[in-house]
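*Asks:* My questions will all concern the structure given below.
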Amino acid sequence: MIRPVAWPGDMHGVRSRKDFLRLAGALAAPGAFLAACGGGGEKSKKLTPAEVDFRLMNRILSLELAGIAAYTEGIPLLRGSALASTRRFLSQEREHAAFLRQHISDLGGTPNLPKTAAEYRRSFPALRDQADVLRFAVDLENRIVRAYVEFVPKMSSPELRAVAGAIVATEAEHISVLLGERNLPPIPSAFVTGTAEIG
Amino acid sequence: MTALTRRELGLGAAALPFALAVDEAFAKAEGQLAILRAAVELEQKAVLTYKAAAPKLGRSEARLAELLSRQEQQHADGLSMALRNRGGRPPSPPTGPGQVPGLERALAGDRRTILTFAVALENAAVAAYGDALRKLRDPRLLSPIVSILGNEGQHLAVLRQALGTQPVPGPFERGAR
Chain A
1 MIRPVAWPGD MHGVRSRKDF LRLAGALAAP GAFLAACGGG GEKSKKLTPA
51 EVDFRLMNRI LSLELAGIAA YTEGIPLLRG SALASTRRFL SQEREHAAFL
101 RQHISDLGGT PNLPKTAAEY RRSFPALRDQ ADVLRFAVDL ENRIVRAYVE
151 FVPKMSSPEL RAVAGAIVAT EAEHISVLLG ERNLPPIPSA FVTGTAEIG
Chain B
1001 MTALTRRELG LGAAALPFAL AVDEAFAKAE GQLAILRAAV ELEQKAVLTY
1051 KAAAPKLGRS EARLAELLSR QEQQHADGLS MALRNRGGRP PSPPTGPGQV
1101 PGLERALAGD RRTILTFAVA LENAAVAAYG DALRKLRDPR LLSPIVSILG
1151 NEGQHLAVLR QALGTQPVPG PFERGAR
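First to last, the protein sequences are chains A and B. Oh and the first sequence: position 155 is 155 in this note's numbering, straight run, nothing missing. Oh and the second sequence: position 139 is 1139 in this note's numbering, straight run, nothing missing.
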């Protein structure tokens, strides 16, 4: 899991030019990058651009794998349009994970492995019904978006940044559909930062 | 381009000039200032589009258009400030539908024509910001651009739902290119 990003206050409500610039400044903070790359133990090692890219992607891969586990765990509790949507989203998260695994390998890295279903289950909140599943799915999708929003500026490959953008757009679309399933406003903010809107 | 986005464009022939204009503007934009300026222009046209569309739609879709207009304005404001802070000058916003390629024709149509124009507009925006992520290097710009790109994806999903089509057709939302 990534560490919480040092968001400047309540960033899910970015509503003004001032907020936009605060967001821009906060995400350029060097501390966030060190956290992303594994913390102080690796400060002294000079990473190649490829190493930076695959380490960032591995962090995101772990989140995508958690998302896959969560959808897999939650689908039996869903029905109707929520079931149809999440089945599709599960398939799409698998495609994201496959892309990340392949790209990490191509860059010489070793893709992170998923935890076991039991390990995921222990780390998830109790999922008793559709409302629990949808709430948790929004939370996980937000975490994935937050990771991409933080990491994209650190990615050296232009093509990788573009693919990451395509994935962010997809995850943001998932969030909108899931919020709609919960009868909540599907587009709560003009800037998708991945900060959870829902408690 | 996916089959769906081709179909979306095909349904909205009125939107094609707009999509092509955005595509051309971003393809030509190479430097940071040119990209920011193209983005501001795109957002300004989106603001005008949704403002002009709202009175022609039913109540719930009009409310959606008003929301999208406000969010596009927030993008335009943020990007304009970023442009000014780097020594650039934002373009003047368009003053009427005639300045947005294809919009007048779309507004003369029914709700489906208007919503399809909006889908094409958002598709063009998603593709344009994906292109910007490729070209830009400044981390202070990349994060907000990703955040805006995500929001345009959300607009796209909700508009597709309004049209009764699949809101998230594929795992990699690249827009229409």
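Using N, Cα and C, we set each Cβ at its ideal position, and we do this for glycine too.
Would Pro158(A) be called buried (16 or more neighbouring beta carbons within 10 Å of its own) or exposed?
*Replies:* exposed
*Asks:* What does Gln102(A) touch in chain B if you count any residue whose Cβ is under 9 Å from its own?
*Replies:* Within chain B, no residue comes near Gln102(A); the closest Cβ sits about 13 Å away, beyond 9 Å.
*Asks:* Would Lys1045(B) be called buried (16 or more neighbouring beta carbons within 10 Å of its own) or exposed?
*Replies:* buried
*Asks:* Run through DSSP, which three-state label would Asn1085(B) get?
*Replies:* helix
*Asks:* Indicate whether Leu1067(B) and Ile187(A) have their beta-carbon atoms separated by less than 8 Å.
*Replies:* yes
*Asks:* Name the two residues that bound the continuous alpha helix (DSSP H) containing Asn58(A).
*Replies:* Asn58(A) -> alpha helix (DSSP H) spans Pro49 to Gly74.
*Asks:* Residues of chain A with CB closer than 7 Å to the CB of Pro1171(B), please, in chain order.
*Replies:* Within chain A, the residues Gln92, Glu95, His96 and Thr170 have their CB atoms less than 7 Å from the CB of Pro1171(B), given in chain order.
*Asks:* Is there a Cβ of chain B sitting closer than 8 Å to that of Gly13(A), yes or no?
*Replies:* Its pLDDT being 37, under 50, Gly13(A) is placed unreliably in this model, and the value from its coordinates should be taken loosely. False, the Cβ-Cβ gap to chain B never drops below 8 Å.
*Asks:* What do you reckon, are the CB atoms on Glu150(A) and Ser85(A) nearer than 8 Å?
*Replies:* no
*Asks:* What is the DSSP secondary structure of Pro1139(B), counted as helix, strand or coil?
*Replies:* helix
*Asks:* Could you pull out every residue in the same chain whose Cβ sits closer than 7 Å to the Cβ of Leu134(A), ignoring the five residues on either side in sequence?
*Replies:* Ala82, Leu178, Glu181 and Arg182
*Asks:* Spatial neighbours of Val1047(B) within its chain, please: C-beta separation below 8 Å, excluding the five flanking residues on both sides.
*Replies:* Ser1069, Glu1072, Gln1073, Ala1076 and Pro1093
*Asks:* Any beta carbon from chain B within less than 8 Å of Ala166(A)'s own beta carbon?
*Replies:* Yes, Ala166(A) counts as interfacial toward chain B.
*Asks:* Just checking my contact of Pro153(A) with Leu1142(B) at CB under 8 Å: how many whole Å lie between their CB atoms?
*Replies:* 4 Å
*Asks:* Should Arg87(A) be flagged as near chain B, meaning a C-beta pair shorter than 8 Å?
*Replies:* no
*Asks:* Return yes when the C-beta of Phe124(A) is under 7 Å from any heavy atom of the ligand HEM, and no when it is not.
*Replies:* The ligand HEM is absent from the structure shown, which contains no ligand whatsoever.
*Asks:* DSSP on Ser1060(B), reduced to helix/strand/coil?
*Replies:* helix
*Asks:* Determine the extent of the alpha helix (DSSP H) in which Pro158(A) is found, giving its start and end residues.
*Replies:* Pro158 to Glu181
*Asks:* Using the beta-carbon of each residue, which ones in chain B are nearer than 8 Å to Thr193(A)?
*Replies:* Ser1147
*Asks:* Please check the pair Ala1082(B) and Leu1115(B), which I expect to be a contact at CB under 8 Å, by giving their CB distance rounded to whole angstroms.
*Replies:* Actually they do not touch by this definition, with Cβ atoms about 30 Å apart.
*Asks:* Helix, strand or coil: which one does DSSP assign to Thr1095(B)?
*Replies:* coil
*Asks:* Could you check where the alpha helix (DSSP H) with Lys1051(B) kicks off and where it finishes?
*Replies:* Gln1032 to Ala1053
*Asks:* Taking buried to mean at least 16 other C-beta atoms within 10 Å of its own C-beta, is Glu93(A) buried or exposed?
*Replies:* Glu93(A) should be labelled buried.
*Asks:* So which residues on chain A does Ala1157(B) lean against when the C-beta distance must stay under 7 Å?
*Replies:* Glu173, Ser176 and Val177
*Asks:* Please tell me whether Ala66(A) and Tyr148(A) are closer than 8 Å, where the distance is taken between their beta carbons.
*Replies:* No.
*Asks:* Under the three-state reduction of DSSP, which class applies to Val1100(B): helix, strand or coil?
*Replies:* coil
*Asks:* Sorted by chain position, which residues of the same chain lie with C-beta nearer than 8 Å to Val52(A)'s C-beta, five sequence neighbours on each side aside?
*Replies:* Cys37, Lys154, Met155 and Ser156
*Asks:* Answer with yes or no whether the minimum CB distance from Val133(A) to chain B is below 8 Å.
*Replies:* no
*Asks:* Quick one: grab the DSSP three-state call for Asn142(A).
*Replies:* helix
*Asks:* Relative to the alpha-carbon of Leu56(A), which residue among Thr170(A), Ala164(A) and Ser176(A) has its alpha-carbon at the smallest distance?
*Replies:* Ala164(A)
*Asks:* Consider the Cβ of Ile68(A): report whether some Cβ of chain B lies at a distance smaller than 8 Å.
*Replies:* no
*Asks:* How many angstroms separate the CA atom of Glu141(A) from the CA atom of Ala1029(B)?
*Replies:* Computed Cα separation, rounded: 32 Å.
*Asks:* Identify, in the order they occur along the chain, each residue of the same chain with its Cβ nearer than 6 Å to the Cβ of Lys45(A), setting aside the five sequence neighbours on each side.
*Replies:* none
*Asks:* Label Ala1128(B) either buried or exposed according to how many other C-beta atoms from any shown protein chain fall within 10 Å of its C-beta, with 16 as the threshold for buried.
*Replies:* buried
*Asks:* Taking Glu93(A) as part of the alpha helix (DSSP H), name the residues at either end of that continuous run.
*Replies:* Gly80 to Asp106
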